[in-house]
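Residue numbering for the sequence shown follows my numbering, starting at 54 and increasing by one per position.
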Amino acid sequence: MPPRIPLRPAGPGPVGLIALALAILAAGLVLEGRPVDASVSPGATMSEVPSRPLPSPETMLRDMIGRD
Numbered sequence: 054m055p056p057r058i059p060l061r062p063a064g065p066g067p068v069g070l071i072a073l074a075l076a077i078l079a080a081g082l083v084l085e086g087r088p089v090d091a092s093v094s095p096g097a098t099m100s101e102v103p104s105r106p107l108p109s110p111e112t113m114l115r116d117m118i119g120r121d
């Protein structure tokens with residue numbers, strides 16, 4: 054005798070997906086405008102970042118010759 058097929062498929066279904074979408078939307082509205090700091094250390098400003106000019110495309114091509 055073959056195994057019985059359940060009447061309800063697995064998964065949240067359309068109502069569950071709508072509830073999940075509404076929960077995500079509500080969380081976004083609650084947290085909107087609050088600063089989130091995910092950094093480990095304080096970020097450097099543009100004036101603190103050392104700037105050096107990028108090499109020209111010709112220089113980069115010359116450096117890549119022979120690197121196989």
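Even glycine gets a Cβ: it sits at the ideal position worked out from N, Cα and C.
- With a contact defined as Cβ atoms closer than 8 Å, residue 67 and residue 73 miss out at about 11 Å.
- C-alpha of residue 76 to C-alpha of residue 57: approximately 35 Å in a straight line.
- For residue 113 and residue 85, the gap between their C-alpha atoms comes out near 44 Å.
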